[in-house]
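Everything on this sheet refers to the single structure shown next.
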Amino acid sequence: MLTKRLNNGIEIPVIGLGTYKIGRTDEETYRAVRMALDAGYRHIDTAPLYLNEKPVGRAIRESGIAREDIFVTTKLWGTEILSNRIQEAFDTSLLNMGLDYLDLYLVHWPVKGKLDFTWQAMEQIYQSGKAKSIGLSNHLVHHIEELLQKATVVPAVNQVELHPYLTQKELVDYCSRKGIVVESWRTLGSGKVHFLEEETLKEIGRKYDKTPAQVVLRWNLDRGLVVIARSSDFHRQKENLAIFDFQLTSEDLALIDMLNKDYRTGFHPDEITF
Ligand SMILES: NC(=O)c1ccc[n+]([C@@H]2O[C@H](COP(=O)([O-])OP(=O)(O)OC[C@H]3O[C@@H](n4cnc5c(N)ncnc54)[C@H](OP(=O)(O)O)[C@@H]3O)[C@@H](O)[C@H]2O)c1
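With the numbering used here applied, the sequence shown covers -10 to 263.
Written as structure tokens, this is what we have:
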């Protein structure tokens, strides 16, 4: 699997498996993650919010793949920040997953008034060596600007909603200048937004014999991003990995960029409350 180098030298596989609602039960989740690891995924994204760290961790542990060959991310939820339980939340995630360390630990959403406090605790976790990298999720430019004033560790990643209807150009450019890798979520629309039906994506796909989903995933990679995509289906899991044998032209990229509507399906990061 192709990787990208984070600002601390750690390599991150450019496609990760999303696990939000990947199964209705723990057993389904376990099977979907095992299937994905069999399909070739080496990067798994979860969060306490998804209530599946246990089956996700079990799938990783029982996969037969060496731990160091799988990049594992989980996240810190806002209520844990507000109740001053950041270290405990991290320890609980590790315990739930049955792992000794994480590859990446993210602040799931910014908590207003707590950015520095949160990041200091994240830095301590990073210094302990139990999270190989630390980063952000759903942080806007102004959140990152504020946090960087006191940070000693620059976040490795910012994982944000990003797809052809929300191209996030300003944020991507800003993060790139700061050496922060952007990861996309809701990359495929999650059934909530239907850009995969866009004729532009179908037409580009026909040129390369690729599906609209593969075109969108490739658009992310060709913009220098890491993508998190979810599928519970083995064939679609494989389809989403089969994007390394073609490349979009600058004209293709520009056409996809033009689909932007600044349309969010999730919370605005300044409006979420816990
Ligand atoms: N940081 C955050 O705040 C945040 C928020 C939301 C999500 N995330 C992360 O990002 C991940 C991805 O986002 P998401 O779960 O919202 O959904 P998504 O990956 O954008 O979309 C998943 C949906 O697309 C379908 N799909 C997958 N491959 C496809 C293909 N090749 N062609 C057509 N349809 C396809 C899946 O159906 P099948 O399963 O039937 O294939 C599923 O319904 C999450 O799972 C989570 O890990 C992070």
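Glycine included, C-beta positions come from ideal geometry on N, C-alpha and C.
Could you tell me the boundaries of the beta strand (DSSP E) in which residue i lies?
i: G168; result: Neither: G168 is in no beta strand (DSSP E) and is coded neither H nor E.
i: P2; result: 0 to 2
i: L93; result: 93 to 96
i: V216; result: 215 to 218
i: K(-7); result: -8 to -6
Select from the options the residue whose C-alpha is nearest the C-alpha of residue i.
i: L244; options: R212, D198, I193; result: I193
i: V215; options: F223, S165, M247; result: S165
i: E172; options: T156, V182, K181, H183; result: T156
i: D89; options: L95, V96, D80; result: D80
i: W108; options: L125, L160, G118, V204; result: L125
i: I114; options: N147, L65, H132, L160; result: L65
i: L137; options: Y19, Q148, G168, E0; result: G168
i: T254; options: D246, G180, N209, L206; result: G180
i: K119; options: G102, T141, H128, Y94; result: Y94
i: D246; options: P2, E159, L(-5); result: E159
Please work out which residues of its chain come closer than 6 angstroms, Cβ to Cβ, to residue i, disregarding the five sequence neighbours upstream and downstream, and give them in chain order.
i: P201; result: L185, L190, K191, G194
i: L6; result: A25, Y30, I33
i: D92; result: F60, V61, K121
i: L67; result: In the sequence as presented, Leu is not what sits at residue 67; that position holds Gly. If we look at G67 and ignore the five residues flanking it on each side, its Cβ neighbours are W98, V100, F263.
i: Q226; result: A25, A28, S220
i: Y163; result: V130
i: A110; result: I75
Please indicate yes or no: does the CB of residue i lie closer than 7 angstroms to some heavy atom of ligand 1?
i: G102; result: no
i: R13; result: no
i: L177; result: yes
i: N147; result: no
i: N41; result: no
i: A218; result: yes
i: D92; result: no
i: Y30; result: no
i: W174; result: yes
i: D58; result: no
i: D246; result: no
i: T18; result: no
i: G69; result: Note that residue 69 is Glu in the sequence shown, not Gly. No, Cβ of E69 sits at least 7 angstroms from all heavy atoms of ligand 1.
i: E260; result: no
i: Y9; result: yes
i: D34; result: yes
i: T200; result: yes
i: S122; result: no
i: R225; result: yes
i: G180; result: yes
i: H97; result: yes
i: G194; result: no
i: N73; result: no
i: E228; result: yes
Please go through the same chain and pick out, in chain order, the residues whose beta-carbon is closer than 7 angstroms to the beta-carbon of residue i, but skip the five residues on each side of it.
i: E135; result: L104
i: G178; result: H152, F184, L185
i: Y154; result: V182, F184, L248, N249, K250, Y252
i: E42; result: T35, T63, S82, N85, M86
i: F223; result: M24, A28
Between which two residues does the alpha helix (DSSP H) holding residue i run?
i: R13; result: Segment: none, R13 is in no alpha helix (DSSP H) and carries neither H nor E.
i: T81; result: 75 to 86
i: E228; result: 223 to 230
i: I261; result: Note, I261: premise wrong, no alpha helix (DSSP H); not H, not E.
i: V204; result: 201 to 211
i: D241; result: 239 to 246
Keeping to the same chain, check which residues put their C-beta closer than 8 angstroms to that of residue i; ignore five residues upstream and five downstream.
i: R23; result: A48, E51, S52
i: E112; result: I123, A140, T141, V142
i: N(-4); result: V143, A145, G168, I169, V170
i: E17; result: I11, S221
Consider the Cβ of residue i: report whether some Cβ of chain C lies at a distance smaller than 8 angstroms.
i: S220; result: No chain C appears in this structure, which consists of one protein chain only.
Quick check on the DSSP output: what are the complete beta strand (DSSP E) runs of length 3 or more inside the stretch 105 to 191, in order along the chain? 123 to 126, 146 to 150, 170 to 174
What are the start and end residues of each continuous beta strand (DSSP E) run of 3 or more residues lying completely inside the stretch 30 to 71, in chain order? 32 to 34, 60 to 65
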